[in-house]
Each structure stands twice: as C-alpha cells, then as structure tokens.
Amino acid sequence: MFNKIGFKLIFIVGVTVLFIIGGFAFINITSHSTDLLNEVERHANQLSETVKYSTRYDMMLNQRDHIHQVINTIGEQPGIRDVRILNKVGKIIYSTKPSDIGKMVNKRAESCYACHAEDKPLEKISIKEKTRIFRLDPDSSRVLGVINPIYNDKSCWQAECHAHSREKIVLGVLDVTISLEEVDKQIQNSEMEIAVFAVISILIISFIIAFFVKRWVDKPVNVLLAATKQVADGNLNYKIEQSSKDEIGKLAGSFNNMTKKLSEARLQLFHSDKLASLGRLAAGVAHEINNPLTGVLTYSSFLLKRTKGNPELQEDLNVIVRETLRSREIVKSLLDFARQSVPKKSSSNIHEIIERAIGVVENQLSLNKIVVRKNFDAALSKLILDANQMQQVFINLLVNAADAIGKKGGTINITTSELKLSPLGLLQIKKAQCSKRHSLIDNEIKIDGKSSVKIKVKSDVAEGFINLDPIYGKHKNIFPVNFNSSNDLKFVCPECETNLLIDSRVCPQCGSGLISFTTPPQGTFECCSNQECNWQSWDLVGKESRLDYLEIKISDTGCGIAKEEIDKIFEPFFSTKGQRGTGLGLAVIWGIIDNHDGIISVESEISKGTTFSIKLPIQKI
Amino acid sequence: MKKEIDILAIDDEQVVVNAIVKILGNENFSVDTSTNSSEALAKINSNKYNLIICDIMMPDADGFEILNQVQKSAASIPIIMSSGYSTIENAVRSLYEGAVDFVPKPFTADELISSVKRALKYSELIKLNSEFENQKNLFFVSCPSKYRRLGYSTWSFTERDGTAIIGMTDIFIKSLEQIDEIIFPDGIEEVVQANSCLQIKTSDGLLHDVLSPISGRIVEKNFELIHYKEILEKDPYFKGWVYRIIPTDYVYESKNLISCSSDR
Numbered sequence: 002m003f004n005k006i007g008f009k010l011i012f013i014v015g016v017t018v019l020f021i022i023g024g025f026a027f028i029n030i031t032s033h034s035t036d037l038l039n040e041v042e043r044h045a046n047q048l049s050e051t052v053k054y055s056t057r058y059d060m061m062l063n064q065r066d067h068i069h070q071v072i073n074t075i076g077e078q079p080g081i082r083d084v085r086i087l088n089k090v091g092k093i094i095y096s097t098k099p100s101d102i103g104k105m106v107n108k109r110a111e112s113c114y115a116c117h118a119e120d121k122p123l124e125k126i127s128i129k130e131k132t133r134i135f136r137l138d139p140d141s142s143r144v145l146g147v148i149n150p151i152y153n154d155k156s157c158w159q160a161e162c163h164a165h166s167r168e169k170i171v172l173g174v175l176d177v178t179i180s181l182e183e184v185d186k187q188i189q190n191s192e193m194e195i196a197v198f199a200v201i202s203i204l205i206i207s208f209i210i211a212f213f214v215k216r217w218v219d220k221p222v223n224v225l226l227a228a229t230k231q232v233a234d235g236n237l238n239y240k241i242e243q244s245s246k247d248e249i250g251k252l253a254g255s256f257n258n259m260t261k262k263l264s265e266a267r268l269q270l271f272h273s274d275k276l277a278s279l280g281r282l283a284a285g286v287a288h289e290i291n292n293p294l295t296g297v298l299t300y301s302s303f304l305l306k307r308t309k310g311n312p313e314l315q316e317d318l319n320v321i322v323r324e325t326l327r328s329r330e331i332v333k334s335l336l337d338f339a340r341q342s343v344p345k346k347s348s349s350n351i352h353e354i355i356e357r358a359i360g361v362v363e364n365q366l367s368l369n370k371i372v373v374r375k376n377f378d379a380a381l382s383k384l385i386l387d388a389n390q391m392q393q394v395f396i397n398l399l400v401n402a403a404d405a406i407g408k409k410g411g412t413i414n415i416t417t418s419e420l421k422l423s424p425l426g427l428l429q430i431k432k433a434q435c436s437k438r439h440s441l442i443d444n445e446i447k448i449d450g451k452s453s454v455k456i457k458v459k460s461d462v463a464e465g466f467i468n469l470d471p472i473y474g475k476h477k478n479i480f481p482v483n484f485n486s487s488n489d490l491k492f493v494c495p496e497c498e499t500n501l502l503i504d505s506r507v508c509p510q511c512g513s514g515l516i517s518f519t520t521p522p523q524g525t526f527e528c529c530s531n532q533e534c535n536w537q538s539w540d541l542v543g544k545e546s547r548l549d550y551l552e553i554k555i556s557d558t559g560c561g562i563a564k565e566e567i568d569k570i571f572e573p574f575f576s577t578k579g580q581r582g583t584g585l586g587l588a589v590i591w592g593i594i595d596n597h598d599g600i601i602s603v604e605s606e607i608s609k610g611t612t613f614s615i616k617l618p619i620q621k622i
Numbered sequence: 008m009k010k011e012i013d014i015l016a017i018d019d020e021q022v023v024v025n026a027i028v029k030i031l032g033n034e035n036f037s038v039d040t041s042t043n044s045s046e047a048l049a050k051i052n053s054n055k056y057n058l059i060i061c062d063i064m065m066p067d068a069d070g071f072e073i074l075n076q077v078q079k080s081a082a083s084i085p086i087i088m089s090s091g092y093s094t095i096e097n098a099v100r101s102l103y104e105g106a107v108d109f110v111p112k113p114f115t116a117d118e119l120i121s122s123v124k125r126a127l128k129y130s131e132l133i134k135l136n137s138e139f140e141n142q143k144n145l146f147f148v149s150c151p152s153k154y155r156r157l158g159y160s161t162w163s164f165t166e167r168d169g170t171a172i173i174g175m176t177d178i179f180i181k182s183l184e185q186i187d188e189i190i191f192p193d194g195i196e197e198v199v200q201a202n203s204c205l206q207i208k209t210s211d212g213l214l215h216d217v218l219s220p221i222s223g224r225i226v227e228k229n230f231e232l233i234h235y236k237e238i239l240e241k242d243p244y245f246k247g248w249v250y251r252i253i254p255t256d257y258v259y260e261s262k263n264l265i266s267c268s269s270d271r
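Top to bottom, those sequences are chains A and B.
Residues in the first sequence are numbered from 2 upward in steps of one, following my numbering.
Residues in the second sequence are numbered from 8 upward in steps of one, following my numbering.
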C-alpha cells in the first residue's frame, strides 16, 4: 500500500497542506490573541482608571463605606476577578473579597512585583508595565492584572483628613485583576476550528487525489498490467482499449503496437516452424520407410527376374512388386505434400487454368465418353492465385469426377460465377487457440462435417464440453445434456484450463459472459456463453456485410458419395477408390483452397452425382 | 597388385547391400561391399573399382564426403548416389558434385541395373575420349556452350521468350544400348527438377528414367522422337529436344546446373 503512487502523492500533499495551514494558523492565532489581549488590557486599564477616579472623591472625604460599595459593585461584573486597593505599606484596605481586607501583601507578590523588582520601588511605570498576565495556580485559567498607582495630589495632602503628607509620591495602588478565561476559550476555539479545517481540507484533498489517481493512473495501469499478463501468457492478440490521450494512453497505444508486431512475427515464425516440422517429419518417415522398402523391392524384383519360367510365382511376385511400388508412391506424395508450402500467387485467369486442367485429363475423359460442359462467366476478373496449385485442384476434381462416372459415360458441368456473400454461414473457424496456444479444434466431433471448436465448461459439481459450430453465423452448437446457463460456470481450454471468458465485457444482447479465443493466423472470435443467445463476433470478418467471391462449381453425373462418407472425404488417406487412389487428392485440394483463403464444399446424392463448389475470395487490387 | 573388382556398394543397411550383391552378381558383376564409410574409403584406396554405389545418409559419414574424396583422387571412379531421403536437393547436389546418377530408394532390380550399366558405359566413353585426346569429340559430342546440364545426362537452354527447351546429352544417349522406344509419361504437364520426365526402353529390356534438368510447365512435347529415334543420335542438342517448358524458378534451379562452356 505504501508503494502506491496514490498514497505517496496523498502523503506528500497532506504534509504540505499541513505545513501551510499550520503556518497560517500560527500567524492568525498569534495576531488574533494579541489583539484580544490588547483589547482586554485596554479595557482593564480603562476600568482601573474609572475605579480610581470614581473613588477619588470618596477617598478625599474618607467615606470608606462608599468606596467599598463602589468596589463591590464593580467586582460583581462578569470577568472581573478582583479589585483591590493597597496602601503604601502593602496592606489591603479595600477588596472585592472581604476576607482579604487587612492582609499584608508581600513585595514579591504578583501585584507588586512590577514596581518592587528593584530595591528602590519605581514611582512611575508605563502602561505596559502596569499589566501582567499570570496564573494564580497552575490549574486555573490565566488572569490579567492591572496595577494603577494612586499618586499624591494637591487635593490629597490639602484634604481635611491630612492623612497624607505632601512628600509622598505614591499613596497606594489600585489592583484590578480580570479573568482571561473567556479570551483563552476564544483562542482555543479558533485553534480548534483551524485544526478541524486543516484535517477536513487534508481529507478532501486526499479524496480528490485518490479519486483522480485511481481514475487516471490506477485503472489504466491495471489494464496495462492485465494486458502484460495476457501477453506473458502468450495471448498476443490481446488489445487494450485506448480511452485517454495522456501519457498512459500513449503507452497503451504503443503497447498495442508492440503486441501487434510481436504477434505478426510469432505468426510467421509459427507458420514456418510448422511447415519445417512437417517437412522434417515427412523426411524422417520417408527415410525410415524407404530403407526397408528397398529390401522388399530389390529382392522381390530380383526374384521376378530370376523366375521368368515360373508363371505362378511370377504372378505372386508381381503383386509384391506392384504393392511396394505403390508404397513408394505414397511416401513420395507425402514428401510432395510436405514440400507444397507457401503458394506462389500471381494474377491469373481462372478460366485458362480450368482449360489447361481439362487439357491434361482430356484423354481419360474422351475414353470414358464424358462430355465437359463449360458455362463461364466471361466478365470475371482475374484472381490472385497460384496457377500451378489451382490447376492441380481442377485436375484432381476432374479425375475424381471421371472416376465417379466410370465407363458408362456422362457429363461434367463446370460453372463459374461471381457472387456476393454474407460472411454468415460461410466462413469457417479452421484454427482456434486458447491464450496458451493450445488448439481448441476437435476433430472427433464434427458439425456438418467440419471439425468443431471444443470448450470445457465447469461448474462446482460437474464438467462437460461444448462443441461450437465452426461456421460463422450457423450456431449448430452442441451443448452438454444438462446444460443450464448460469453465472458461476467456467469456460476453459480443455487442455490447460485457461479461462476463455472475457472479464471486462458481457454479451451486448443478453448480458451473459463472453467466450473468446484466437483464430490463427489472425483474428479473435467471440461468442455468447448462453445456449439461447446467438451473439458472436469475429474481427476477421470485419465490418463488411458482404464479401465478393468467385464460385466454381464442378458437377458430375457419377455414382455420388454416401452420406456417411461425405464428412471424411477431405481427410488425408481417405479413399473410396480402393487400390487405385492414395487418398491424398482431396486433402491436397483442401490444403490448396485453404491456402487461398477459399472454401470448398460438396453436395452429393447417391447415383445422381456430386457437386464440388469452390469459393475463392476476389481481392480488390 | 590391386585387386580388380567391378563395383563397390556402400550402404549402412546390410539388407540393401545384400540385395545389390545379389542383383548385380546375377548380371555377372563382381561386387564388393562396405557398411561404413571409413572401411569403404580404405577399400577404395587399396582396390581398383570400376564403379561405386554409395548411400547418402549413413550414421558415421555423409555420402557426399566419399563422393568428394573419390572426385579428388587421381583415378576418378564413377559414383552412383542413392538415398532413402530422396529429395530434389539430394539428387541435384549429387549430380552437381560429380555423381553419374542418383537412384532414389526404394529401387527395383531393373532400375539399379539400368543405372549401373549406363554408368559403366559412361566411364568407358570418357576413358576412350581421354585416350584420344588430340581428336576431341570423337566418341561423343559435348553440349553447346550456352547450355546448362544436370550431371552428365540432360541439358536445358533458355530461349529469349522465357521458355526453355530440355533434352538429353549425347554421352547419355551413347551410354544407352540400342533405343527401342521413347515413352512420354501419360498426361505429363509438368516436369520437376531431378525427377523422371521421360522413359527410354532399350533393346536389353531395361527402362531408363530421364531426369529433368529444371522444373516447369510443359508447353510443347517433341513427339517426333517417338517415330524418328534417329534424331536423338544425329542431333541431340537441337532437333532432339524433348520438352519446351515455362520454367517455374529458373534462376534458383540453374545454380545447380553445370555450364556446358566448361566442357569445350
């Protein structure tokens, strides 16, 4: 806590405010109390003079009762503690406290000290020296005392009583003491008020600082922190939503830029790494299998040469040689498959490519009495594609169509057309990863023949799997049997149990949690975790509501593909041709179309025919 | 006195060595074997061989090392390279570094025999030619200087329009027995460097694979060869072309071809 910027700021600002208010309060209270005391002092002096002059006449007439009465009346006023008159030897002759009358006052007593500090008493003292502030005992409140010497006067020594001789200068002292309790209370109140004011202002300033530090520093820093954690966990597609334009906002922007660059670099690395490892695997397999195959092929072909006179043995040996040669071809196509790396794309005319492909298989087609009907959309623009790879696609499809038709003859229709398609129901999630780069693609459970996206769902009591429809906008998701959408469900990666729910946002339609995963090589897919809700978003699709595609349809009047097999036809080594095919043809096609960001789909009806439809995106150049 | 043996077979797999011995022994060749490279090199130094068949991937040494050692030595013995890791790179490199042929594994008895016979005939021709050094091109015509060749067997020449013609060298044709038939593979549309692009059947019943010097899409085939086989013998470098192709990556692939200007 003490290491937080907010706390440090509050501490520093608090101390500064404390000093400023403290200094201000000191000056303020000092001047205020001085003013107050001066006022009291002036007041006391005035009072003292008033007493002195109002008793003067009575003194001269020596009317003591009258003087007593005057003093007592004054002494009853609030705030006035004592009014005493001392004679020149220090005896109290009048006092508001009757008990004091007649007592002698020591020269060192508070009221005498001002004049009797030296051995010889002062006869004239200034107003400042007349007053003093003291405490009678440490616990009581302060008291202001004013001594007022009563000087000898012509009227005094000429008075009839002749009490005073002419030589005397000071005849006595009038001592008035006023309690400062009220004043002290006022000063104390001011001190208290200022202290409260200081505390309140520090608190308010602290709250303001805390609030804005939280808003401007804490929150964005926490977002950044969470983002760095995500990146550390391997989610390079994580993006910070940039809200402010201040320094932290700029940092977030530069962070986004960094992760974007990193993600691109990683993607490239990942892609080349994948291809390289596939190549290594194929090479390793090829080498390991080719050596034993050499033994089989050399011995069997050698035996075949040596047993020319034995037709029965020849027949069997021929099978061995033929099958071994077939194995050789499979291994070779495996190596070719691995070698078929990044397509070399250039602007090409798709119709020329189709024509060339037809040219290649022309012999086989005419042999099987197959007619090719072409219906090309002449206005079609050129496409960016790898002509050699794409030709391979059409050759493979034509050969398949010819094989499906067989010897009885038939038709192959090739149609090309341009179409605008909504990405809904068309784009497929081909790769899905959690933030730790585990694949979420489930090849076991397929939805309409496409590998689904598998997500583990956990509650306190049970766990199960959701299989999401890989087709964007189709929503044929498979939920566990007793699935209830509730808030305390966890959606995690089946492999590492990394959370797939977004913390910060909820479904804009129903408010449930959002499941999110990345779709390499680019994009993030988000969808609602609620079974009932169909909200989903894929940044790959972008904001375009319609995308331009070129569709090539190749339909044959052949034997068709059985429904249970249609899901598997694009899998490597799946073949319906038995001995004649390697089962790699359609897998190669799928790979090529996928490389071109295209879509291949198939519709088939037994004994009526099959239609392969290829959709290739038309790039705007 | 060095022993005279026809062939030395080097391969770390005993079964492959045994098969070679069986097959070539049946063709009346004397065959010596070795399953590791150091032993093989010792044997090459102490005995006299007419031909070596060498595997590329062996645990103790690379087959290319043996190839280079033999190339450097005075008595240049023709070498056929072979590998289970039959990539284009291995094949092209073998031929570029001086091997007479590359036989990918697994091979049939006939494939081996045809390669061996061609290689022996080739070295015989070379020997004959060097014996009559004053009269060059007596036994075979080397290819024109602007051509580039893959090993000794096939050539390619890039024309101005960007297409390339490919064909067989005279010494390759002469290393074959009597040509019976020239077979263009069914529906061939594309040729790949160091992969078979044509088959030649000879009078001894063997099929010989012709390796394409470069990769590309075929635009024209010289079907005349099927009917007039003599063209090959009479004019192997001009009228005897096999394919006209659009090369896919000529710049890269031609680096592994040998310029014919060095032959004259």
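Every residue, glycine too, gets a C-beta built ideally from N, C-alpha and C.
Treat the numbers as computed from the prediction; the structure is a model and nothing was measured.
Given a threshold of 16 other Cβ atoms within 10 Å of its Cβ, counted over all protein chains shown, does residue i qualify as buried or as exposed?
i	result
F208(A)	exposed
H234(B)	exposed
S342(A)	The pLDDT assigned to S342(A) is 46, lower than 50, so where the model puts this residue is not dependable, and the model offers no usable value.
C435(A)	buried
P85(B)	buried
R125(B)	buried
K375(A)	exposed
Y95(A)	buried
Q21(B)	exposed
E260(B)	buried
R155(B)	buried
A402(A)	buried
I17(B)	buried
N109(B)	For the sequence presented, residue 109(B) should be read as Phe rather than Asn. By the neighbour-count rule (16 or more Cβ atoms within 10 Å), F109(B) is buried.
D504(A)	exposed
A201(B)	buried
Q47(A)	exposed
Starting from residue i, trace the beta strand (DSSP E) in both directions and tell me its first and last residue.
i	result
G610(A)	610-618
Y152(A)	143-152
R224(B)	223-228
D39(B)	38-41
S453(A)	451-459
R82(A)	81-88
T161(B)	161-165
E604(A)	600-606
Y239(A)	No beta strand (DSSP E) contains Y239(A), which DSSP labels as neither H nor E.
S203(B)	203-209
Assuming residue i is part of the alpha helix (DSSP H), what are its boundary residues?
i	result
S55(A)	6-62
A116(B)	116-138
T74(A)	65-76
C157(A)	155-158
Since residue i and residue j should fall inside the 8 Å C-beta cutoff, what is the C-beta to C-beta distance between them, to a whole number of angstroms?
i	j	result
I60(B)	I14(B)	6 Å
N149(A)	L175(A)	4 Å
A98(B)	I73(B)	The pair is not a contact, with the Cβ atoms about 17 Å apart (cut-off 8 Å).
D216(B)	S203(B)	4 Å
K29(B)	F377(A)	Not really, about 58 Å apart at Cβ, beyond 8 Å.
F146(B)	L132(B)	5 Å
T170(B)	R251(B)	5 Å
Relative to chain B, which residues along the stretch 287-305 of chain A have a C-beta separation below 9 Å, given in chain order? Listed by position along the chain: A287, H288, E289, I290, N291, N292, P293, L294, T295, G296, V297, L298, T299, Y300, S301, S302, F303, L304, L305.
What residues in the stretch 29-52 of chain B bring their beta carbon closer than 8 Å to a beta carbon of chain A? Across the stretch 29-52 of chain B, CB contacts with chain A closer than 8 Å involve K29, I30, N33, in sequence order along the chain.
Entirely within the stretch 297-368 of chain A and at least 3 residues each: give me those beta strand (DSSP E) ranges in chain order. 347-349
Could you please tell me which residues of the stretch 312-335 of chain A, in chain order, have their CB closer than 9 Å to any CB of chain B? V322, T325, L326, S328, R329, V332, K333
Residues in the stretch 363-385 of chain A having any Cβ partner in chain B nearer than 8 Å: For the stretch 363-385 of chain A, residues whose beta-carbon sits nearer than 8 Å to a beta-carbon of chain B comprise N364, Q365.
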